[in-house]
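Here the structure is laid out as structure tokens; the discussion comes afterwards.
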DNA sequence: GCGATATGAATGAACG
DNA sequence: CGTTCATTCATATCGC
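Protein chains in written order, with UniProt numbering: chain B, 1 to 187; chain S, 1 to 187.
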């Protein structure tokens, strides 16, 4: 993803005039946190509880809803995967004729038909090789945010059986490095 | 048509190296082929594999990447659709048909299962906690509006049960102290 | 030199 | 989850 010089800054503090803008856009701090979770922590499969938790925490940086967090992760995952797929060189057998209707070009005038109409018809390679054998979620109970004072569990009730070893207080200090993904990428 | 706070790119001291083409533009032959596929062949939904293939062929006419082909089709489709919508405001005059009285039955049938793949069914605020079986009744309620779920994700029907539910519970102890002052998210 | 337009690029939201 | 839609941002080009 070449996020070059595109960044839609939301207004400095508040946002959403309500009515004119329907589409959520992450504020810079929100983006940073989300990316930190995804890239730094490798946290890509948030559970509903975690989505809510993340959302709650992000609310102090701007208006946001659960579904926004949900979509954000979904889209990022999907697009990374899509990118990999597109960049993968396929040993195409060369069936797609693109030289039809050559308007006075050099030579070559074959007008074979394009085998469109068949979505994913020819699996030249066929090897989808979805290296998705992940056991996602095997990630160690990621420590997202400190409790601060927010009673996040006020109504979520994560069924804390207490049996967990770490749950109580062993908060792993995950000092998210202030890495800016926004500009680290280049084309 | 109304744009909000449009931020102009103000490179924070890191200007893009000149010479590196920022933006791809199709060469005449490329454009001819692309248009030929779209209009002549009616080929509008290329699969990722086909995108690669098209891109490969187009490379002999100039530098091009997969994503360029991808975006080209996306944009063309989107803009044609956009044009059609704009012209639907035809001042046809007269024939003001109002099918009021159609007691729309207000059947909010939309699947409201907000199980993000887990079997949680939490009710943060008691809004959604409905977890029904797989029984769906193929309702043909034509979705006049593509369901504007402005409320909480009252209609995120991910219905992804593939996860098969692991622990389900995930401790959400949070940490991640990031100093958000400064906020250098700019690009 | 600007303003309007065309279009490449990005991404939130939604569908199947 | 992969794909598609819709909206917006960003920029090159054109016209005045």
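Backbone N, C-alpha and C define an ideal beta-carbon position, used for all residues, glycine too.
Alpha carbon of residue i to alpha carbon of residue j, nearest angstrom
i: residue 84/B; j: residue 53/B; result: 30 Å
i: residue 23/B; j: residue 38/S; result: 30 Å
i: residue 26/B; j: residue 82/B; result: 22 Å
i: residue 33/B; j: residue 60/B; result: 12 Å
i: residue 68/S; j: residue 36/B; result: 28 Å
i: residue 79/S; j: residue 30/S; result: 19 Å
i: residue 56/S; j: residue 75/S; result: 20 Å
i: residue 48/S; j: residue 58/S; result: 15 Å
i: residue 50/S; j: residue 62/B; result: 41 Å
i: residue 28/S; j: residue 28/B; result: 39 Å
Whole-Å CB distance - residue i paired with residue j, under 8 Å assumed
i: residue 46/S; j: residue 71/S; result: With 8 Å as the limit, residue 46/S and residue 71/S do not qualify as a contact, their Cβ atoms being about 12 Å apart.
i: residue 207/B; j: residue 66/S; result: Coverage of chain B is limited to positions 1 through 187, which leaves residue 207/B absent and any answer about it impossible.
i: residue 44/S; j: residue 77/S; result: 6 Å
Interface partners of residue i on chain S, CB under 8 Å
i: residue 82/B; result: 48
i: residue 59/B; result: Going along chain S, no residue has its Cβ under 8 Å from residue 59/B, so there is no contact; the nearest lies around 13 Å.
Chain B contact residues for residue i, given Cβ-Cβ distances below 9 Å
i: residue 70/S; result: 82 and 86
Under 8 Å by beta carbon: chain B residues contacting residue i
i: residue 74/S; result: Going along chain B, no residue has its Cβ under 8 Å from residue 74/S, so there is no contact; the nearest lies around 12 Å.
i: residue 64/S; result: Those do not exist, as residue 64/S stays about 12 Å from chain B at its closest Cβ, beyond 8 Å.
i: residue 77/S; result: Neighbours of residue 77/S on chain B: none; closest Cβ ~15 Å, over 8 Å.
* **Contiguous beta strand (DSSP E) assignments of at least 3 residues, all confined to the UniProt domain "Homeobox" (17-83) of chain B** => Every candidate beta strand (DSSP E) stretch fails here, since none sits fully inside the UniProt domain "Homeobox" (17-83) of chain B while reaching 3 residues.
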